[in-house]
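The listed protein sequences correspond, in order, to chains A and B.
Residue 202 in the numbering used here sits at position 202 of the first sequence, and the numbers go up by one each step.
To convert a position in the second sequence, counted from 1, into the numbering used here, add 1000.
Where a beta carbon is used, it is the ideal one built from N, C-alpha and C, also for glycine.
This one's a predicted model, so the numbers in the text were calculated from it and none came from an experiment.
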Amino acid sequence: MIEAARAIVRRDLLLALRRPSDVGTALLFFVIVASLFPLGIGAEPNLLRAVAPGVIWVAALLASMLCLSRLFAADHADGTLEQMLLGAAPLGMIVAAKVLAHWLVAGLPLVAIAPLIALQYDLPPALYGTLALSLLLGTPVLSLVGAIGAALTLGLRGGGVLLALLVLPLYVPVLIFGAGSVDMASAGLSPLGQLQLLGALLVVAAAFAPWAIAAALRISTE
Amino acid sequence: MLEASNLDCRRGRRTLFRDLSFSLRRGELLRIAGANGSGKTSLLKILCGLLTPDAGEVRWRGEPIRQLREDFSRNLAYLGHAPAVKDDLTAAENLAFASKLAGAAAVPEFVQAALARYGIPADVPVRKLSQGQRRRAALARLPLSESVPLWLLDEPFAALDAHAARLTEALIAGHVARGHAVVFTTHQEADIGAAVLRVIELG
């Protein structure tokens, strides 16, 4: 069971390695969107510092949505998904492994590059930790919730737009607590409460999303 | 082992088959025949649980497969229309992944041997192989699935050359001779020297 999950993570990382352009897209998108704002708003440090948490978080939200539609589509097209549905391990386990691999490829790089983006907004270095930690807790939730949408819209024509409409409203709590934690820290207050709420969201999503994704996959592959 | 009772299948408003019942015992070979679009693939997908029939149910050793889920799918090897191989991986990597997914250990020597039997270069990305070679790379799962009690094969002879087709026939015959069961679809005659061959003609 664990063996099958490990094989999936390994395979998806290997595929990402052989197609680096797919990985680069989300990261570049994140960097470019987050860099557009200082150019558009102007170089007023106080204003930039004030909008930074929200803008960086919204950019992360959009970037992590970018590769969602590909999460199951490739496996669906070449028949691998059928083999996963008929695998020896429970489907929930298999999709959890797929989401983990997706997050490692599309979510984790955002966490790593966020402090560099924060530099453009003149965020004090003391906030980098909170920003990275909030993204570290929040982006897996985005991947998990997004995967439910990806599974539901699998094989639909125009599924990409529908996916955005379906998933973005569900991202709202993550955005509020994520950006909120950095706001709290920049106001000199403890961000712990917000971060704990993000952690709670992650635990709930990790526990329930795989089964929802599995059910959605069974529906959309029939 | 496998029992289908009163299966109905509709696609849109067209009824593909109605009230189809049969059972499959150990050492039996079942061929699902019929013209294109007569529901061969749908029936095969119903048998492995990928598709829910509009009525009726499929039972494995007396229990409905919908309740067994992976306890049932551990007992079967399904080869669908799509080859289920990744273009960016080599044939060996694809095969090792497929057998791990099916819950079997992927011993590198066995993987190499299976690919060698089908004459597939192990360390070339599948992207560089021809359509027929891709098909053979998918079929190379069969020699690795010899202990699996039920094989469900969708058009196993499509796009194969004579040599690979004979090898596949021999593998199927061997599997049946070991006392396992095989169900396969084909729209052409296939010559498999098995003791019990049953045919369901759809359409």
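Item	Value
What residues in the segment 1030 to 1042 of chain B bring their beta carbon closer than 7 Å to a beta carbon of chain A?	none
Report the three-state DSSP secondary structure of B/D1123 (helix, strand or coil).	coil
Within the continuous alpha helix (DSSP H) that includes A/T80, where are the two ends?	80 to 85
Taking the runs of the alpha helix (DSSP H) that are 4 residues or longer, which of them lie wholly in the segment 1105 to 1173 of chain B?	1108 to 1117, 1131 to 1139, 1141 to 1144
Which partner residues of B/I1032 appear in the DSSP bridge assignment?	B/T1185, B/I1200
Tell me the residue span of the beta strand (DSSP E) that contains A/G92.	Where A/G92 is concerned, there is no enclosing beta strand (DSSP E), although the alpha helix (DSSP H) it sits in stretches over 91 to 106.
Looking only at DSSP bridge pairs, what is A/C67 linked to?	In DSSP, A/C67 forms no bridge with anything.
Run down chain A in chain order and give the residues with a C-beta less than 8 Å from the C-beta of B/E1057.	What B/E1057 touches in chain A: nothing, since even the nearest Cβ is about 15 Å away.
Roughly how many angstroms lie between the CA atoms of A/L175 and A/L165, to the nearest whole one?	16 Å
Beta carbons nearer than 7 Å to chain B: which residues of the segment 63 to 95 of chain A have them?	D78, G79, T80, E82, Q83, M84, L85, L86, G87, A88, A89, P90
Tell me the rounded alpha-carbon separation between A/S181 and A/V161.	30 Å
Which of the three DSSP states is assigned to A/Y121 in this structure?	coil
Residues in its own chain within less than 7 Å of A/G155 by CB, not counting five upstream and five downstream?	H76, S220
So the candidates are A/M65, A/I2, A/L14; which of them puts its Cα closest to the Cα of A/G149?	A/M65
So the alpha helix (DSSP H) B/D1088 belongs to, where does it begin and stop?	Counting along the chain, B/D1088 falls outside any alpha helix (DSSP H), and DSSP gives it neither H nor E.
Whose Cβ in chain A lies nearer than 9 Å to the Cβ of B/P1121?	Chain A residues near B/P1121: none, gap ~17 Å exceeds 9 Å.
Using CA coordinates, which residue listed in B/P1083, B/S1005, B/D1071 is at the minimum distance from B/I1046?	B/S1005
Name the chain B residues whose beta carbon is nearer than 7 Å to that of A/E222?	L1051, T1052
Return the first residue and the last residue of the beta strand (DSSP E) that B/T1052 is part of.	Counting along the chain, B/T1052 falls outside any beta strand (DSSP E), and DSSP gives it neither H nor E.
Spell out the partners DSSP gives B/F1022 in its beta bridges.	B/A1004
In whole angstroms, what is the alpha-carbon distance linking A/P45 and A/A147?	37 Å
Closer than 9 Å by beta-carbon distance: list the chain A residues that pair up with B/V1085, in chain order.	D78, G79, T80
With distances taken Cα to Cα, identify the nearest neighbour of A/A74 among A/M93, A/P109, A/L15, A/V58.	A/L15
Does the segment 30 to 39 of chain A come close enough to the segment 105 to 118 of chain A to have 3 or more Cβ pairs within less than 8 Å?	yes
Would you give the residue range spanned by the alpha helix (DSSP H) that B/A1102 belongs to?	Run containing B/A1102: none; DSSP gives neither H nor E here.
If the cut-off is 8 Å on Cβ atoms, which residues from the segment 157 to 168 of chain A count as contacting chain B, listed in chain order?	none
So what does B/R1059 bridge to, in DSSP terms?	B/E1003, B/P1064
Mind listing which residues of the segment 1062 to 1074 of chain B have their C-beta closer than 7 Å to chain A's C-betas, in chain order?	E1070, S1073, R1074
Taking the DSSP output, what are the residues bridged to B/F1017?	B/C1009
Could you tell me whether the segment 1134 to 1142 of chain B touches the segment 1093 to 1112 of chain B, using the rule of 3 or more Cβ pairs below 8 Å?	yes
On a CA-only basis, which of A/F72, A/G158, A/G138, A/A205 is nearest A/W57? Give me that one, please.	A/G138
Using a beta-carbon distance below 7 Å, is A/A101 in contact with chain B?	no
Looking only at its chain, what residues have a beta carbon closer than 8 Å to the beta carbon of A/L85, apart from the 5 residues adjacent to it on each side?	L91, L217, R218, T221
Taking the beta carbon of B/A1162 as the centre, do at least 16 other beta carbons fall within 10 Å, making it buried, or is it exposed?	exposed
Closer than 7 Å, Cβ to Cβ, to anything on chain A: give me those residues from the segment 1097 to 1114 of chain B, in chain order.	F1097, A1098, K1100, L1101, A1102, G1103
Quick one: what's got a C-beta closer than 7 Å to A/L170's C-beta in the same chain, skipping five residues either side?	V145
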